[in-house]
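Numbering of the sequence shown is given in the working numbering, commencing with residue 307 and proceeding in unit increments.
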Amino acid sequence: MSNPYRQDQPIRETATEARQGDRDRPVWYVLVVSTALVAVIFAVLLLFFAGMSEAATGLQA
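Next comes the structure, spelled out in structure tokens:
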């Protein structure tokens with residue numbers, strides 16, 4: 307049962323703002339974190355494929 311005399315809190319943001327989430331992060335922060343993640347992924351792939359090629363050449367010798 308709902309209380310007919312209860313007042314809801316006022317809406318402070320639009321639906322679009324609510325979907326976008328926290329917008330307080332500066333652009334430079336997003337760019338730095340994204341670049342770091344891409345660098346880590348490439349490093350892992352490089353190490354993986356370097357290890358695979360080293361193992362392949364070890365098997366041929």
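For every residue, glycine included, the Cβ atom is placed at its ideal position computed from N, Cα and C.
Since this is a predicted model, take the numbers as computed values, not measurements.
Where residue i falls: helix, strand or coil (DSSP)
i: E323; result: helix
i: Y311; result: coil
i: I317; result: coil
Residues near residue i in its chain [Cβ-Cβ closer than 8 angstroms; skip 5 each side]
i: L352; result: none
6 angstroms CB neighbourhood of residue i in its chain, flanking five on each side removed
i: R325; result: none
i: Q313; result: none
Below-7 angstroms beta-carbon distance, residue i vs any chain C residue
i: F355; result: The structure shown contains no chain C; it holds only a single protein chain.
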